[in-house]
Amino acid sequence: MEFTEPYKQSGPCSFSPNARFIAVAVDYRLVIRDVLTLKVVQLYSCLDKITYIEWALDSEYILCGLYKRPMIQAWSLTQPDWTCKIDEGPAGITYARWSPDSRHILTTSEFQLRLTVWSLLNTACIHVQWPKHGSKGVSFTKDGKFAAVCTRRDCKDYVNLLSCHTWEIISVFAVDTLDLADIQWSPDDSAIVIWDSSLEYKILIYSPDGRCLSKYQAYESGLGVKSVAWSPCSQFLAVGSYDQMLRVLNHLTWKVFAEFTHLSTVRAPCSAAVFKEVDEPLQLDMSELTLSDDLVPQSGDDAPETRIEVRYDVMELPINLPCQKPPADKPNPKQGIGLVSWSSDSLYICTRNDSMPTVLWIWDVQHLELAAILIQKDPVRAAAWDPICTRLILCTGSSHLYMWTPSGAYCINVPLTDSSVTDLKWNFDGSCLLLKDKEFFCCAAVPMLQESSDYSSDD
Numbered sequence: 007m008e009f010t011e012p013y014k015q016s017g018p019c020s021f022s023p024n025a026r027f028i029a030v031a032v033d034y035r036l037v038i039r040d041v042l043t044l045k046v047v048q049l050y051s052c053l054d055k056i057t058y059i060e061w062a063l064d065s066e067y068i069l070c071g072l073y074k075r076p077m078i079q080a081w082s083l084t085q086p087d088w089t090c091k092i093d094e095g096p097a098g099i100t101y102a103r104w105s106p107d108s109r110h111i112l113t114t115s116e117f118q119l120r121l122t123v124w125s126l127l128n129t130a131c132i133h134v135q136w137p138k139h140g141s142k143g144v145s146f147t148k149d150g151k152f153a154a155v156c157t158r159r160d161c162k163d164y165v166n167l168l169s170c171h172t173w174e175i176i177s178v179f180a181v182d183t184l185d186l187a188d189i190q191w192s193p194d195d196s197a198i199v200i201w202d203s204s205l206e207y208k209i210l211i212y213s214p215d216g217r218c219l220s221k222y223q224a225y226e227s228g229l230g231v232k233s234v235a236w237s238p239c240s241q242f243l244a245v246g247s248y249d250q251m252l253r254v255l256n257h258l259t260w261k262v263f264a265e266f267t268h269l270s271t272v273r274a275p276c277s278a279a280v281f282k283e284v285d286e287p288l289q290l291d292m293s294e295l296t297l298s299d300d301l302v303p304q305s306g307d308d309a310p311e312t313r314i315e316v317r318y319d320v321m322e323l324p325i326n327l328p329c330q331k332p333p334a335d336k337p338n339p340k341q342g343i344g345l346v347s348w349s350s351d352s353l354y355i356c357t358r359n360d361s362m363p364t365v366l367w368i369w370d371v372q373h374l375e376l377a378a379i380l381i382q383k384d385p386v387r388a389a390a391w392d393p394i395c396t397r398l399i400l401c402t403g404s405s406h407l408y409m410w411t412p413s414g415a416y417c418i419n420v421p422l423t424d425s426s427v428t429d430l431k432w433n434f435d436g437s438c439l440l441l442k443d444k445e446f447f448c449c450a451a452v453p454m455l456q457e458s459s460d461y462s463s464d465d
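Per the working numbering, the sequence shown starts with residue 7, numbered consecutively.
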C-alpha cells in the first residue's frame, strides 16, 4: 500500500459516487479534493460547523448539515456560484438526505413532525406528516423510482410508498409492528424488510404492493433484532440478534437456512483459520552510530530504541476468545451482533459480537461454515469490504490496518506519525481507502488483489 501525507479534517469525510472527489469538513469549511492528486478543487464556506455531509448520486451536488443552527446548505461542483439554503424555522431539522434523482432533498423536522421534500428545480415542497424516525425509516429502490417512508399515527406504524417522479403517495399500508425500528428495500427492489424494536423480535417481509410475504420470530422472550443486512445479490437476508446468533434467510421461502453462533470457545472440528494480533518489537541498536567520543551516550542512554510492530499468529484450536459480560442493571447492553456486512460477491459475511469487541468473525455462506476469526488487541472500530473483490479491511484505533482475504490475513503499518486509524471507507471503484484519525485523514492506494496472494505482514 502507498499512503499520502495527512490532511486536516474536523468532521465527516466522504468519497463522491463517481469516485473522483473527496469531500472533507474542516470546521465551517467544505473542502473538495481530487482523489488522484488530493489537490483542492472547490472550497465552500458554510454558516456554521459542518456535522454531516452527503453527495448526490450524480456527484454534481453535495449537502452539508449544520444541525446546531439547524440548517442545510447545498453546493454545486459544476456551478460554484450556485447556492441553496434550507431552514425549517421553528420546526428545525434533524436529518437530511438526497433523493435518487439528485434534484430533491428530503429533510426531517425535530420531534418527527413532518418529512419535507424540497425541489432544487423550483420552489415546490411536499410534506409527509408524522415520519417515524429522523435518520432512519426511509428507503429508496435501487432504480430510484420509489421511496418507502415509515410513519406513525394513532399508535400504529404505516409504510407510505411515494413516486420519486411526482412525490405523490401511491399507497399506504399498516405493518404488524409494536415499534418499527427501520426499513430496507432489497437490492433488486422485489421486497421490503421491516423489523421491530429490540424489545420485540420480529422480521416482516412485504411486497411493494403491501402484501405480507413472511413473518419471522426466532424467539419471544428477551431482546430481539440488533442488525439487518441484505446480500448484494438479494437472495439472502442476514439478521443479527441479541442472543449472539446470526440467522440467514433465503428469498424463496423466507425461511432460515443458516444459523451462525458466536461462542466464547471455539473447538474442533471447526476448520476456520484463527489469526491473533501479537506484538513484534523491532530492536534498533544505535550504539555503533556515534561520530566522536564527545557524542558517546552516557550510562543509561545506550539502550536500543524499541518500535512496536504487529503481526498475525495462526492459533490452534481449541481457543478461548476474550469476552466481556455486560452489566445486567444498565440499558443498551453491549452484546449481540452489532456489525453485519456482506462481501461484494455475497459469498462471505463479517460479524462482530459486541460482547467480544476485539473479535471479528468471517463466515463462508457458500459452505455454511466459519471461514476465519481475527482476534485483535483493541476493539474493532470499523470493517469494510472491497467493493470490487473479496477483501476485508478493518481498523482498531491503532496505527495499523488489518486485511483479510480467502488466502490469509495481514497486518499493515500506517507510516504516519502518531496515527490512530479510527474509521475507514472504500472508494466506490475499490482503488483507494480513506483513513480517518481524530484530526487528520489520509488516503491509501490499494493494489489489485492477485489470484495467488503475495502479501506479507510488513507490506
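Glycine included, C-beta positions come from ideal geometry on N, C-alpha and C.
As the structure is a prediction and not an experimental result, all values here were calculated from the model.
Spatially closest choice to residue i from the options, by CA coordinates
i: A390; options: C356, K162, P412; result: C356
i: G216; options: T100, V178, Q341; result: V178
i: T172; options: S51, D370, L430, G150; result: G150
i: L184; options: S196, P193, I209; result: I209
i: N419; options: H406, S426, V427; result: H406
i: S4; options: A31, L269, H257; result: Since the first residue shown for the chain is 7 and the last is 465, residue 4 is missing from the structure and cannot be characterised.
i: Q382; options: A274, L112, V320, I28; result: V320
i: T113; options: D107, P106, I99; result: I99
i: E11; options: A244, D424, K431; result: D424
i: H373; options: H268, A264, P421, G342; result: A264
i: P137; options: C449, C161, R358; result: C161
Beta bridge counterpart(s) of residue i as assigned by DSSP
i: C70; result: I59, Q79
i: M251; result: T267
i: Y416; result: M409
i: T157; result: P137, Y164
i: C438; result: A451
i: R39; result: I28, V46
i: G228; result: Answer is none; G228 lacks a bridge partner.
i: C401; result: A388
i: Y212; result: I198, C218
i: W367; result: T357, I379
i: W432; result: L439
i: C19; result: V30
i: W348; result: I355
i: G246; result: S233, L252
i: P287; result: I314
i: N326; result: T271
Own chain partners of residue i with C-beta closer than 6 Å, once the 5 adjacent residues on each side are dropped
i: W191; result: S145, T147, I198
i: S169; result: I176
i: E8; result: A451
i: L229; result: S204, Y248
i: E94; result: S115
i: A25; result: N433, F434, D435
i: F266; result: L252, W369
i: Y461; result: With a pLDDT of 41 at Y461, under the threshold of 50, the modelled position of this residue cannot be trusted; read the value that follows with caution. Excluding sequence neighbours, Y461 sits near Y416.
Own chain residues within Cβ distance below 8 Å of residue i, not counting five before or after
i: D54; result: Y34, L72, K74, R75, M77
i: Y164; result: C156, T157, R158, V178, F179, A180, V181
i: T396; result: S349, S350, D351, L353, Y354, T411, P412, L455
i: S415; result: As written in the sequence, residue 415 is Ala, which differs from the Ser given in the question. Excluding sequence neighbours, A415 sits near A279, F281, Y318, A378, L380, Y408, M409.
i: T271; result: P324, I325, N326, L327
i: S305; result: Interpretation of S305 is limited by its pLDDT of 47, a score under 50 that renders its predicted location unreliable; the figure taken from the coordinates is listed afterwards. If we look at S305 and ignore the five residues flanking it on each side, it has no Cβ neighbours.
i: P453; result: M7
Contact belief for residue i with residue j at Cβ below 8 Å, rounded distance in angstroms
i: I56; j: A62; result: So it is not a contact: roughly 16 Å between Cβ atoms.
i: L126; j: H110; result: 7 Å
i: L167; j: P106; result: In fact, because the Cβ distance is near 14 Å, the residues do not count as touching under 8 Å.
i: L345; j: S233; result: 7 Å
Other residues of its chain near residue i: CB distance less than 7 Å, five sequence neighbours each side excluded
i: E375; result: S277
i: R387; result: C401, T402, G403, T428, D429
i: P193; result: K148, W236, P238, S240
i: F117; result: none
i: D360; result: K340, Q341, G342, G344
Requested in this report: Any chance you could list the alpha helix (DSSP H) runs of at least 4 consecutive residues sitting entirely within the region 182–210, in chain order?
Outcome: none
Report task. Could you pull out every unbroken beta strand (DSSP E) segment of at least 3 residues lying fully inside the region 93–146, listed in chain order? Result -> 101–104, 110–114, 120–125, 131–135, 144–146
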